[in-house]
Amino acid sequence: MGQQQSTAAPTSSPAAEGSGESSGIGIKLFKFQQNAAGGQWDLYSANADTNFYDINEDSASKKKDWHLEIGSDIDLPVTDQFSVDAVGQRVTLAADTGAVYALKFPSTAAVQLFEQEYNSRLFENTFGVPFNAKNRDEKLGKDSILPVGGETAESREQWAEDMETDVRPVKEEVRRDRPAGQAGKEVHGVRLGAGDRSYLVRDKQIEVLKNVYGGVQSTGVSFDVTPPKGQQSFTPNKLMLMNRERRMNMLSPEGGQNLYHTDIETGKVVSEWSFKKDGVDAGMIDLANETRGAQLDDRDTFLGIGNKRIARWDMRAPEGVVQELSSPSVMTWDGGHDYKTNVAFNCMATSGDGYVVIGSDDGQIRLYGNKSLTRANTAIPGLGGPITAVDVTYDGKWVLATTKNYLMVVKTTYKDKGGKETNGFKSKMGARAPAPRLLRLKVEDQPLLQGAALRQGKFTWVTEAGRDERWIVASCGNHTVLWNFGQVKLAEPTTTSYGGLTTCTNYHLIKKQESVVDSVFVHDNYANSPGANDTSMVVVTKHQVWSLADDD
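In my numbering, the protein residues as written are 643 to 1194.
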């Protein structure tokens, strides 16, 4: 099924050219060459000079744009596409052309000095100001959870705290790959259920899937997405299951102004709503159930976000029945908050207790308690890139944020000044909290993935207390990427990247022949059962649906 353990081990490696402290004559440069076995590192220069320079140094009107010059013929923009292996005394970098290089330094001290300067230049490229204590506090926050100089021993201990009770054996491979139906019209998304059914969004249709151990199967049943009153059918922008998975909310594609409430059993839109607050349109760009398992309950309230708004909506008003109206009913605003400025919200998720996490285009991650949505108790600063998806574990202890080039995992629990454990949803999580960790693809895997962006990172799907999320998945081009969450928790800071953050680059790549639309873990009910395991998932490509599970 095209699975591989990232890039195959190279036949020659810059890390293999000596180890520990060295009084070598200079920096060696290697270039990664792909081949049938995966790839190898070839020596490019035995003595490579490096120099950081501002490409706009002759312009007084342009902001600085730092580049790294290696020798006389290699020029690389300073971006977050790099990783540092302090033990191997190596820095791996990606060029705009797709080429991948590695610098092998003569000593650990030399590679650490290079990393410090690279991160300083990257900070200025990202935020437009030089790196210093004042600018760092202004851009990232004075009491930021983002560390200076790498992760501390205390932070590592906090990450591994719960591993003593995490004793269930972990399966390391996904081996079985089977189509869940015939290829058909273009796929736009999938919404898995925890009960008997899941749903696939094809062009203006919802295809019904049957949940089975380890995945899904086609039922051959589908229904058109046709709103009432003779309006044209459409492809929904967002889907959300609710009311014990008997009903489905569909967000209209044109600005999210309307919501269509569908009876899944009949395949018909039974009510139509518009989002308004104080008589003004309040279009939504993302929806979420009030808790991680709320779609299994009989409740009529849910959450939504706009660019500068978080809202709780109530569907219990009887006026919403479309058969009795000539125009959509106005959804009842049931709480939330309007920001005065555009905070660029774009994605949200909820925990089992109703804690709310929101990601935004400026890279910030905001954590809200389950009592009030008027103010975020914690705002985690971004590293420059937009947050395109967020997820949170059932117990609220871990948050996952997706960006184009990396996933960020945040541990939300920490000890307050009195030594009592709390979390960032209840109170402000500052420097006492453990540093985040990054999940990245190896720089040398970038050519294989053709520069595709990481998308839609998710934890294992758990909807009850006492069960652990054990894996993290994301989509990237024609691949699904799978990380072992236990390994992330126990990772040592031997590999670092942006900001000196501990970076995890051990993963499984699962390849498909066409673009992967989404990769989603099946519900715990169908994963921990005969014929399946906790890596069981559904992978949706542009025209096909696949179930991935283990043979055991």
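We put the beta carbon where it would ideally sit given N, CA and C, even for glycine.
In this structure Asn693 is exposed. Its beta-carbon is surrounded by fewer than 16 other beta-carbon atoms within 10 angstroms. Rounded to the nearest whole angstrom, the C-alpha separation of His1121 and Ala1073 is 36 Å. Beta-bridge partners of Leu1143 (DSSP): none assigned. In this structure, the straight-line span from the alpha carbon of Ala1095 to that of Asp1087 is close to 13 Å. Rounded to whole angstroms, Phe1101 and Ala728 show a C-alpha spacing of 29 Å. Across the set Ala736, Val720, Ala678, Lys670, the C-alpha of Lys670 shows the shortest separation from the C-alpha of Ser749. Put simply, the backbone Cα of Asp976 is about 45 Å away from that of Pro1135. Tyr981 counts as exposed, since fewer than 16 other beta carbons sit within 10 angstroms of its beta carbon. About 19 Å separates the beta carbon of Gly996 from that of Glu1063, a gap too long to meet the 8 Å contact definition. Residues of the same chain with a CB within less than 7 Å of the CB of Gly1027, apart from the 5 flanking positions on each side, are Gly1005, Thr1045, Lys1046, Asn1047 in chain order.
In the same chain as Thr1016, and ignoring 5 residues on each side of it, the C-beta atoms closer than 6 Å to its own belong to His979, in chain order. DSSP, reduced to helix, strand and coil, places Ser916 within a strand of the structure shown. Counting along the chain, Gln758 sits inside the alpha helix (DSSP H) bounded by residues 750-769.
Looking from the CA of Val1187, the closest CA among Gln1155, His1165, Glu766, Leu1025 belongs to Gln1155.
Excluding the 5 residues flanking it on each side, Asn698 has same chain C-beta neighbours closer than 8 Å at Lys704, Lys705, Lys706, Asp707, in chain order. It is roughly 51 Å from the alpha-carbon of Asp691 to the alpha-carbon of Lys880. Closest by C-alpha distance to Ala924, out of Lys950, Gln1098, Tyr1168, Asp845, is Lys950. Judged by DSSP in its simplified three-state form, Lys784 adopts coil rather than helix or strand.
Look at Asn1148 here: in three-state DSSP terms it is coil, with no helix or strand label. In this structure, Ser840 is the residue among Phe865, Ser840, Glu849, Val922 with its C-alpha nearest to the C-alpha of Leu883.
Rounded to the nearest angstrom, the gap between the Cα atoms of Phe769 and Lys781 is 7 Å. Asp845 and Ser714 have their C-alpha atoms some 52 Å from each other. For Pro1089, the secondary structure class from DSSP, reduced to helix, strand or coil, is helix. Closest by C-alpha distance to Ser762, out of Leu1151, Asp940, Tyr1140, Ser1178, is Tyr1140. Beta-carbon to beta-carbon, Leu938 and Thr1137 are separated by about 40 Å, too far to satisfy the 8 Å threshold. Annotation for Asn1167: the continuous alpha helix (DSSP H) segment containing it runs 1166-1169. Beta bridge pairing from DSSP links Trp1113 with Asn1126. For Gln675 and Val1115, the gap between their C-alpha atoms comes out near 28 Å.
Contact between Ala1043 and Gly1011 is absent: CB atoms are separated by about 19 Å, not below the 8 Å threshold. The beta carbon of Val972 sits closer than 6 Å to those of Ser916, Lys918, all from its chain and outside the five residues before and after it, given in chain order. Taking 8 Å as the cut-off, the Cβ atoms of Ser1117 and Ser1161 count as close. Positions of the beta strand (DSSP E) runs, each at least 3 residues long and wholly inside the stretch 878-922, are given as 880-884, 889-893, 900-905, 910-916 in order along the chain.
Annotation for Trp1040: no alpha helix (DSSP H) segment contains it, though the beta strand (DSSP E) segment containing it runs 1040-1044. If you draw a 10 Å sphere on the C-beta of Thr908, you find fewer than 16 other C-beta atoms in it, and that means exposed. Scanning its chain for C-beta atoms nearer than 6 Å, with the 5 sequence neighbours on each side dropped, one finds around Val1032 the residues Cys989, Ala991, Val999, Gly1001, Ala1043, in chain order. Among the bridge pairs identified by DSSP, Ile712 is matched with Thr692, Ile716.
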